[in-house]
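Working notes, beginning with the structure itself.
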Amino acid sequence: MSCSSEKITIKPVGHVKVKGEDPMNAEYFIEILEPYRKALKELDKFSHVIVFWWADQNDDEELRSSEQVLTCVPPYAEGAPETGIFATRSEFRPNPIAITIAQILGIDQKKGLVKVNGMDAFNGTPVVDLKAYFPISDRIRDCHIAPWLKDWPEWQEDGLQWWLEQGFFEE
């Protein structure tokens, strides 16, 4: 594999479907495209899934190719310095791949629907992959975060309410 000239093609395996306007009461689904539905087999044995999605509403080819995308001041992090994009979860990136860990509420393999407890993606957002959440691979006992994130909730389950309080869902 060559370094800089390698072209990578990513195809969506599905899309996010959101039913409802209020983030606290909406229903969230991952709708898997028909050719990939067989890949859902046994996913229902897991409580959580890692959803890899393409932040298409913020995808700007010119911006992605510029140095401007390489740093930002993280929002919702009072006192944060200008930060390299790899030290953030910003959707403005050289490749706008985002992830969400979601609780699986139900799976209809025939229809290709994975109902989840929430997503920080928009209705119609392309999903590029799903991976079952494995604690041995996805959980770290002793980790640390940047000091400007000290006031963020420790657990994902507390995050939605916190994001609402920050005005994240306001237009």
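Heads up, the sequence shown is in the numbering used here, so the first residue is 382 and it goes up one at a time.
Virtual Cβ for every residue (Gly too), placed ideally from N, Cα, C.
If you're wondering where the values come from, they're calculated on a predicted model, not measured in any experiment.
Among residues of its own chain, excluding the 5 on either side of residue i, which ones have a beta-carbon nearer than 7 Å to its beta-carbon?
i: Ser383; result: Reliability fails at Ser383, whose pLDDT of 49 lies under 50, so the model's placement of it is uncertain and the value that follows must be treated cautiously. Once the five neighbours on either side are set aside, Ser383 has no close Cβ partner at all.
i: Ala513; result: Leu424, Phe427 and Val430
i: Glu443; result: none
i: Ala461; result: Val454, Pro455 and Trp529
What does the Cβ neighbour count give for residue i, buried or exposed, with the cut at 16 atoms within 10 Å?
i: Ala407; result: exposed
i: Asp501; result: buried
i: Trp543; result: exposed
i: His396; result: buried
i: Leu451; result: exposed
i: Ile480; result: exposed
i: Gly465; result: exposed
i: Arg553; result: Outside the shown range of the chain (382 to 552) lies residue 553, about which nothing can therefore be said.
i: Ala555; result: Nothing in the structure corresponds to residue 555, since the chain is present only between 382 and 552.
i: Gly499; result: buried
Enumerate in chain order the residues of its own chain whose CB-to-CB distance from residue i is below 8 Å, with the five nearest sequence positions on each side excluded.
i: Gly493; result: Gly395, Glu412, Ile413, Leu414, Glu415, Tyr417, Arg418 and Leu421
i: Asp532; result: Glu459
i: Arg445; result: Arg474, Pro475, Asn476 and Pro477
Nearest CA to the CA of residue i: which residue from the options?
i: Lys400; options: Trp434, Asp523 and Phe410; result: Phe410
i: Thr390; options: Lys496, Ile478, Asp489 and Arg520; result: Ile478
i: Asn439; options: Asn476, Arg522 and Glu448; result: Asn476
i: Arg470; options: Lys388, Gly548 and Ile526; result: Ile526
i: Glu402; options: Phe515, Asn504, Ile521 and Pro516; result: Asn504
i: Gly540; options: Lys392, Glu387, Lys388 and Pro404; result: Pro404
Within its chain, find whatever has a CB closer than 6 Å to the CB of residue i; leave out the 5 residues flanking it on each side and keep chain order.
i: Glu463; result: Thr452 and Val454
i: Lys496; result: Phe410, Leu486 and Gly487
For my contact list, residue i and residue j are in at a C-beta cut-off of 8 Å; report their separation, rounded to the angstrom.
i: Glu459; j: Trp529; result: 7 Å
i: Tyr457; j: Gln537; result: Rounded, the Cβ-Cβ distance is 15 Å, inconsistent with contact.
Is residue i near the ligand NAD, in the sense that its beta carbon is under 7 Å from a heavy atom of that ligand?
i: Gly487; result: This structure does not include the ligand NAD; it has no bound ligands of any sort.
Would you check if the segment 429 to 443 and the segment 508 to 525 touch, i.e. whether three or more CB-CB distances between them fall below 8 Å?
Counting C-beta pairs with one atom in each stretch, the segment 508 to 525 and the segment 429 to 443 have three or more that are closer than 8 Å, which means they touch.
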